[in-house]
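Chemist: Take the sequence shown: its letter number 142 is residue 489 in the numbering used here, and every next letter is one higher.
C-beta: ideal position from N, C-alpha, C; glycine also.
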Amino acid sequence: MAPNHNEILIAPSILSADFARLGAEVRAIDEMGADWIHVDVMDGHFVPNITIGPDVVKALRPHTKKVFDVHLMIAPADPYIEAFAKAGSDIITVHAEAGPHIHRSMQMIRSLGKQAGVTITPGTHESALEYLLDSVDLILVMTVNPGFGGQAFIHSQVEKIRRIRAMIGKRPIRLEVDGGVNPETAALVAAAGADTLVAGSAVFKGGTPDHYKTNIAAIRSAAGRARMP
Ligand code: DX5
Ligand code: ZN
348 MAPNHNEILI APSILSADFA RLGAEVRAID EMGADWIHVD VMDGHFVPNI
398 TIGPDVVKAL RPHTKKVFDV HLMIAPADPY IEAFAKAGSD IITVHAEAGP
448 HIHRSMQMIR SLGKQAGVTI TPGTHESALE YLLDSVDLIL VMTVNPGFGG
498 QAFIHSQVEK IRRIRAMIGK RPIRLEVDGG VNPETAALVA AAGADTLVAG
548 SAVFKGGTPD HYKTNIAAIR SAAGRARMP
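(1) Could you please give the first and the last residue of the uninterrupted beta strand (DSSP E) stretch that includes I357?
(2) Contact defined as beta carbons within less than 8 Å: I believe G497 pairs with S548. What is the distance between those atoms, to the nearest angstrom?
(3) What is the rounded straight-line gap between the Cα of T490 and the Cα of T468?
(4) Grab me the residues of A349's own chain with a C-beta within less than 8 Å of its C-beta, minus the 5 sequence neighbours each way, in chain order.
(5) Among the candidates R408, K412 and A422, whose CA atom is the shortest distance from the CA of P395?
(6) Pull up the distance between the alpha-carbon of A533 and that of I501, whole angstroms please.
(7) Below 8 Å, is the gap between the Cβ of G400 and the nearest heavy atom of ligand 1?
(8) Determine the DSSP secondary structure at V491, reduced to helix, strand or coil.
(9) With a cut-off of 8 Å on the beta carbons, I'd call D425 and M455 a contact; round off their distance for me.
(10) Going by the C-beta, is P530 closer than 8 Å to any heavy atom of ligand 1?
(11) What residue does the beta strand (DSSP E) around Q498 start on, and which one ends it?
(12) If I'm right that F431 touches I439 with Cβ under 8 Å, what's the distance once you round it to whole angstroms?
(13) Should H418 be listed as close to ligand 2, given that the test is whether its C-beta is under 8 Å from any heavy atom?
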């Protein structure tokens, strides 16, 4: 198993929440064990779906003190980074596929005092990350093609996660995984070196805060067991 000393963090994706009750849903996952709140931003252009913008992030900000982990599935991303920063994002993640100047996007996020994340879709090779390693706080590996919750985990990405963990070495970079994460796949990615797990449908399944608590705990314990020496 790859060496990894970061604790496992669980970041429920509010894409699977009840959008009519988003503030209450964010409070519920906060109380039921979420470490971060994962916010999926889609533009109907980079991905075939449209979700939320900076005003929704701003409206949700007073509902929790937890980290807002904002995943931009938009192209171009740079013109919107400042708005998401001002809305209260803590981490802003941009797709390497979303434009020609991903390094500049990372610089822009850090210059706004936020943590910079880069993400790659399942079809992108990890070499796209090589020259960004000293400019990012987080690498997100997509284990589905971005656009929708509830898709099946793409198993070929587990080996990619293992290779990225080795590329990271001792750098203080979190390695996050997003897409099709449930207790079973959480174990696979944690064993490969992931330390931060996004889950939408597997967290919100059941639809009540008690379910959220059980679901978050199940993912966390499966991941924790998988990375034990
Ligand atoms: C996919 C999003 C994910 C998604 C995860 O485009 O980036 O965050 O909501 O949903 P599940 O966990 O249901 O695959
Ligand atoms: Zn996401």
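Modeler: Well, looking at it:
(1) As a position in the sequence shown, residue 357 is number 10, starting the count at 1. Start and end: L356 to P359.
(2) Within the sequence shown, the letter at position 150 stands for residue 497. Within the sequence shown, the letter at position 201 stands for residue 548. Sure, about 5 Å apart at Cβ, within 8 Å.
(3) Position 143 of the sequence shown, counted from the start, is the residue given in the question as residue 490. Position 121 of the sequence shown, counted from the start, is the residue given in the question as residue 468. Taking the straight line joining both Cα atoms gives about 7 Å.
(4) What you label residue 349 is simply residue 2 of the sequence shown in a count that begins at 1. Caution is warranted here: a pLDDT of 44 is assigned to A349, below 50, making its placement in the model unreliable, and no coordinate value can be reported.
(5) One-based indexing of the sequence shown puts residue 395 at position 48. Of the candidates R408, K412 and A422, the one whose C-alpha sits nearest the C-alpha of P395 is A422.
(6) Against the sequence shown, residue 533 aligns to sequence position 186. Against the sequence shown, residue 501 aligns to sequence position 154. Looking at the two C-alpha atoms, the distance is approximately 12 Å.
(7) Looking up residue 400 in the sequence shown gives position 53. Not so, every heavy atom of ligand 1 lies at least 8 Å from the Cβ.
(8) Against the sequence shown, residue 491 aligns to sequence position 144. Reduced to three states, the DSSP call for V491 is coil.
(9) As a first step, residue 425 is located in the sequence shown; it is residue number 78 there, counting from the start. As a first step, residue 455 is located in the sequence shown; it is residue number 108 there, counting from the start. Yes, D425 and M455 are in contact; Cβ-Cβ is about 6 Å, under 8 Å.
(10) If you number the sequence shown from 1, residue 530 lands on position 183. Flag unset: Cβ of P530 not near ligand 1.
(11) Here residue 498 is taken as the residue at index 151 of the sequence shown, counted from 1. From DSSP, Q498 is part of no beta strand (DSSP E); its letter is neither H nor E.
(12) As a position in the sequence shown, residue 431 is number 84, starting the count at 1. As a position in the sequence shown, residue 439 is number 92, starting the count at 1. That belief holds up - the Cβ atoms of F431 and I439 are roughly 6 Å apart, short of 8 Å.
(13) Walking along the sequence shown from the start, residue 418 turns up at place 71. The answer is yes for H418.
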